[in-house]
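Written out below as structure tokens is the structure these notes cover.
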Amino acid sequence: GAVVSQHPSRVICKSGTSVKIECRSLDFQATTMFWYRQFPKQSLMLMATSNEGSKATYEQGVEKDKFLINHASLTLSTLTVTSAHPEDSSFYICSASVWEGTSVDTQYFGPGTRLTVL
Amino acid sequence: AQSVTQPDIHITVSEGASLELRCNYSYGATPYLFWYVQSPGQGLQLLLKYFSGDTLVQGIKGFEAEFKRSQSSFNLRKPSVHWSDAAEYFCAVGALKYSSASKIIFGSGTRLSIRP
């Protein structure tokens with residue numbers, strides 16, 4: 004399957020600072036990527052849909068000014084958590100949509116980024 | 083609105099025994115269904131998916147799932163589990179879209195433990 008990477012794998016930051024997480028499609032181009040958040044022992048919650056060259060679409064309840072998403076190229080989407088606070092501590096996972104010879108896409112997931120805000 | 087229910091939070095089976103993980107979905111149109119597996123601290127790996135055709139879908143690692151429209155179910159099965167199958171399993175449903183990305187919703191997950 005397609006490979007998606009995330010960087011960094013884990014990050015610890017102080018409250019009030021901003022953190023950028025990168026999501027890359029390594030062997031394919033992805034016009035659409037997704038960002039999810041996962042709390043311990045819980046499911047994945049979709050935060051936003053990131054489309055290359057256009058503004059991200061955020062899910063209800065997700066603060067777009069807090070979670071800035073940029074999809075500047077067909078292989079890279081970034082999520083910036085601005086002015087992070089301890090309640091933003093979570094596991095952030097991205098995915099990228101791939102069309103594999105069919106007319107429907109499949110999402111492949113990155114390994115995730117563990118964010119801890121002190 | 084679409085939703086996914088995984089009624090079993092935690093299942094323990096003996097190594098070599100058969101496995102069935104339950105998944106029920108609610109969706110008004112043609113669903114696009116997935117099973118993903120997540121090892122601790124890792125991202126998700128796609129086991130299999132279904133959107134049309136044969137309702138019995140074969141996936142990786144010896145897993146299969148059967149789509150039953152009348153029961154709104156997409157249960158995951160494996161005839162003989164291995165200790166390495168211990169993980170969290172997520173069922174997911176999306177809107178079947180052609181030529182545009184499908185947004186998917188995840189179930190709450192089922193944690194699988196393997197008894198030696």
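Going down the list, the protein sequences come from chains A and B.
Heads up, the first sequence is in the working numbering, so the first residue is 4 and it goes up one at a time.
Heads up, the second sequence is in the working numbering, so the first residue is 83 and it goes up one at a time.
Every residue gets a Cβ at the ideal spot worked out from N, C-alpha and C, and that includes glycine.
It should be emphasised that the depicted structure is a prediction, and the values quoted were computed from it without experimental measurement.
Any beta carbon of chain B sitting closer than 8 angstroms to that of A:Phe112?
Yes, A:Phe112 counts as interfacial toward chain B.
Taking C-beta to C-beta, are A:Val7 and A:Cys26 nearer than 8 angstroms?
Cβ distance < 8 angstroms, so A:Val7 and A:Cys26 count as in contact.
I'd like to check one pair, A:Leu71 with A:Thr85: are the Cβ atoms closer than 8 angstroms?
Yes; because the gap between Cβ atoms is below 8 angstroms, this pair is in contact.
Straight-line CA distance for A:Ser76 to A:Gly56?
Cα atoms of A:Ser76 and A:Gly56: separation of roughly 7 angstroms, rounded to the nearest angstrom.
Minimum Cβ-Cβ distance from B:Tyr114 to chain A less than 8 angstroms
For B:Tyr114, a Cβ of chain A is located within less than 8 angstroms of the residue's own Cβ.
Residues of the segment 78-103 of chain A with a CB closer than 7 angstroms to any CB of chain B: list them in chain order, please.
So the list reads Ile96, Ser100, given in the order they occur along the chain.
With distance defined between alpha-carbon atoms, name the residue in B:Gln127, B:Phe133, B:Gly135 nearest to B:Ile142.
Ranked by Cα distance from B:Ile142, the options B:Gln127, B:Phe133, B:Gly135 are led by B:Gln127.
Reference B:Ser166; option with closest CA among B:Asp90, B:His92, B:Ser96
Just measuring C-alpha positions, the residue of B:Asp90, B:His92, B:Ser96 sitting nearest B:Ser166 is B:Ser96.
Neighbour list for A:Leu47 in chain B, Cβ cutoff strictly below 8 angstroms
Chain B residues near A:Leu47: Leu126, Phe172, Phe188.
Can you grab the Cα-Cα spacing for the pair A:Asn1 / B:Glu102, in whole Å?
The first residue shown for chain A is 4 and the last is 121, placing residue 1 of chain A beyond what the model contains.
In the DSSP assignment, find the unbroken beta strand (DSSP E) run with B:Gln140 in it and report its ends.
That run of the beta strand (DSSP E) goes 138-140.
Touching or not, the segment 58-69 of chain A and the segment 8-26 of chain A, by the rule of three or more beta carbon pairs under 8 angstroms?
No, the segment 58-69 of chain A is not in contact with the segment 8-26 of chain A.
Measuring only between beta-carbons, confirm whether A:Val22 sits less than 8 angstroms from chain B.
With a threshold of 8 angstroms between beta carbons, A:Val22 makes no contact with chain B.
Can you tell me the Cβ-Cβ gap for A:Leu111 and A:Ser98, rounded? I've got them flagged as a contact below 8 angstroms.
Note that residue 111 of chain A corresponds to Tyr in the displayed sequence, not to Leu. The Cβ separation is near 6 angstroms, so the contact holds.
B:Ala168 versus B:Gln140, B:Ala99, B:Phe133, residue with shortest Cα-Cα distance:
B:Ala168 has its Cα closest to that of B:Ala99, out of B:Gln140, B:Ala99, B:Phe133.
Can you tell me whether A:Leu118 is buried or exposed, with buried defined as 16 or more other CB within 10 angstroms of its CB?
Result: buried.
In this structure, how does DSSP classify A:Glu90 when only helix, strand and coil are distinguished?
Helix, per DSSP.
Quick check on this structure: which residue in A:His88, A:His74, A:Val107 has the alpha carbon closest to the alpha carbon of A:Ser33?
For clarity, residue 33 of chain A is Ala in the given sequence; the question names Ser instead. Of the listed residues, the one whose Cα sits closest to A:Ala33 is A:His74.
Between the Cα of B:Leu115 and the Cα atoms of B:Thr192, B:Ile196, B:Ser85, which residue gives the shortest distance?
Answer by Cα proximity: B:Ser85.
Looking at the structure shown, is B:Lys131 part of a helix, part of a strand, or coil, going by DSSP?
B:Lys131 falls in the strand class under three-state DSSP.
Euclidean distance between Cα positions of A:Ser80 and B:Pro198
Using only the alpha carbons, I get a separation of about 42 angstroms.
Enumerate in chain order the residues of its own chain whose CB-to-CB distance from B:Ser155 is below 6 angstroms, with the five nearest sequence positions on each side excluded.
Cβ neighbours of B:Ser155 beyond the five flanking positions: Asn106.
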